[in-house]
Amino acid sequence: MKKLLKKKDLIILLVLIVILISLIPFYILKIRDIIYSNKFATYSYETYTNYTNPIFSIEKIVYYSNAFVTDNSSDGNFQNINIGQYTDIAIYINNTNASDELTDKNTIAELYIDNIKVTSNSNKGTKTLCYKNPYYFATYKGLQEPENGRINFNIITNNKDNKESAYNNPSFYQDCSNPISLGYINKDIVTNFEIANTDTLSLNGTILQKANITLDELTFNMSFTIHIKNNKGEEFICNVDRPVLSDETSSQLLNGYIATQYSPDKGTAQFIKISD
Numbered sequence: 000m001k002k003l004l005k006k007k008d009l010i011i012l013l014v015l016i017v018i019l020i021s022l023i024p025f026y027i028l029k030i031r032d033i034i035y036s037n038k039f040a041t042y043s044y045e046t047y048t049n050y051t052n053p054i055f056s057i058e059k060i061v062y063y064s065n066a067f068v069t070d071n072s073s074d075g076n077f078q079n080i081n082i083g084q085y086t087d088i089a090i091y092i093n094n095t096n097a098s099d100e101l102t103d104k105n106t107i108a109e110l111y112i113d114n115i116k117v118t119s120n121s122n123k124g125t126k127t128l129c130y131k132n133p134y135y136f137a138t139y140k141g142l143q144e145p146e147n148g149r150i151n152f153n154i155i156t157n158n159k160d161n162k163e164s165a166y167n168n169p170s171f172y173q174d175c176s177n178p179i180s181l182g183y184i185n186k187d188i189v190t191n192f193e194i195a196n197t198d199t200l201s202l203n204g205t206i207l208q209k210a211n212i213t214l215d216e217l218t219f220n221m222s223f224t225i226h227i228k229n230n231k232g233e234e235f236i237c238n239v240d241r242p243v244l245s246d247e248t249s250s251q252l253l254n255g256y257i258a259t260q261y262s263p264d265k266g267t268a269q270f271i272k273i274s275d
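Mapping to our numbering: the sequence shown position 75 is 74, numbers consecutive.
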């Protein structure tokens with residue numbers, strides 16, 4: 000009777016072991032679901048926080064558009080000219096949505112622009128997006144064309160760097176207190192345009208109208224990607240893709256020059272974190 004009980008106990012033990020083993024996959028799946036749920040909850044919270052209080056976002060973009068000419072005359076009397084158009088662009092970055100204090104999280108360690116593309120219905124002229132020295136904003140000066148389709152910014156971290164910088168090369172403050180300064184140029188839309196001795200040459204958008212340049216030849220769309228790395232080593236990107244000169248603004252440009260401002264709706268121009 001005693002041996003029989005031992006055998007019975009052994010059978011019960013084996014049954015319990017089999018049951019426990021069969022339950023292991025179930026508990027593994029439950030634990031995995033809990034882990035994934037927590038990760039998803041964390042990701043959802045971070046996504047929501049980034050939407051409501053993004054670390055970096057575009058606050059506004061200011062545009063200034065005008066015309067420029069290149070004198071081909073041997074005596075410098077502007078009787079034979081090439082005509083082009085330029086638009087200066089100032090992009091203001093907001094880094095105080097999440098915090099008013101400057102930290103490693105909302106200050107800049109690296110900034111560059113790539114994926115630059117300019118689209119237009121017209122193939123007239125040579126179109127380029129450049130770095131613009133902010134001291135020459137609203138003038139046809141201070142332009143530096145990108146190397147290999149990329150604009151790399153020098154990050155200014157202190158007053159000494161600021162005093163020594165002439166801004167001839169791409170420069171940006173680590174606290175985002177200055178705008179990203181860019182310049183679009185479309186050279187030689189019209190070449191060898193003759194100006195009569197009796198004509199008055201106005202060096203603004205009216206010269207475009209005088210040369211019979213159409214609105215369709217002026218309108219264009221610009222797209223590029225802004226890359227930011229903060230002082231924590233986190234990387235962010237923001238894709239900018241929007242019309243700069245439309246039919247409406249181009250018509251105003253033909254009367255002289257035009258200055259406009261674009262303020263993005265909330266949640267439409269935020270920098271998305273792509274790495275920790």
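Don't be surprised by glycine CBs; every beta carbon is placed ideally from N, CA and C.
- Excluding the 5 residues flanking it on each side, residue 208 has same chain C-beta neighbours closer than 6 Å at 253, in chain order.
- Residue state for residue 79 is assigned as strand, using DSSP reduced to three classes.
- The stretch 217 to 226 makes no contact with the stretch 256 to 268: fewer than 3 CB pairs, one atom from each, lie closer than 8 Å.
- If you draw a straight line from the Cα of residue 62 to the Cα of residue 246, it comes to about 15 Å.
- A direct Cα-to-Cα measurement between residue 229 and residue 189 gives close to 44 Å.
- Here the stretch 84 to 91 lies against the stretch 55 to 72, with 3 or more beta-carbon pairs under 8 Å apart.
- Under the three-state reduction of DSSP, residue 21 is assigned to helix.
- Between residue 200 and residue 217, the gap from beta carbon to beta carbon reaches 7 Å or more.
- DSSP assignment within the stretch 116 to 156 yields the following whole beta strand (DSSP E) runs of 3 residues or more, N-terminal first: 125 to 131 and 150 to 155.
- Only residues of its own chain outside the window of five on either side were considered, and among them 220 have a CB closer than 6 Å to the CB of residue 242, listed in chain order.
- Counting only residues of its own chain and dropping the five nearest sequence neighbours on each side, residue 65 has a CB closer than 7 Å to the CB of 85, 203, 204 and 256.
- Just measuring C-alpha positions, the residue of 57, 81 and 117 sitting nearest residue 67 is 81.
- DSSP places residue 173 in the coil class of the three-state scheme, outside both helix and strand.
- Judged by beta-carbon spacing, residue 94 lies within the 7 Å limit of residue 175, meaning their Cβ atoms are closer than that value.
- Non-local C-beta neighbours of residue 129 in its own chain, meaning closer than 6 Å and more than five positions away in sequence, comprise 142, 143, 144 and 182, ordered along the chain.
- Our two residues, residue 146 and residue 258, have alpha carbons roughly 28 Å apart in a direct line.
- Exclusion of the five residues before and after residue 232 leaves no residue of its chain whose Cβ lies closer than 6 Å to its Cβ.
- In the three-state DSSP reduction, residue 160 falls in the helix class (H, G or I).
- Sorting 169, 213, 70 and 236 by C-alpha distance to the C-alpha of residue 250 places 213 at the top.
- Taking a C-beta distance under 7 Å as the contact criterion, residue 107 and residue 150 do not qualify as a contact pair.
- Under DSSP, residue 258 shares a beta bridge with 63.
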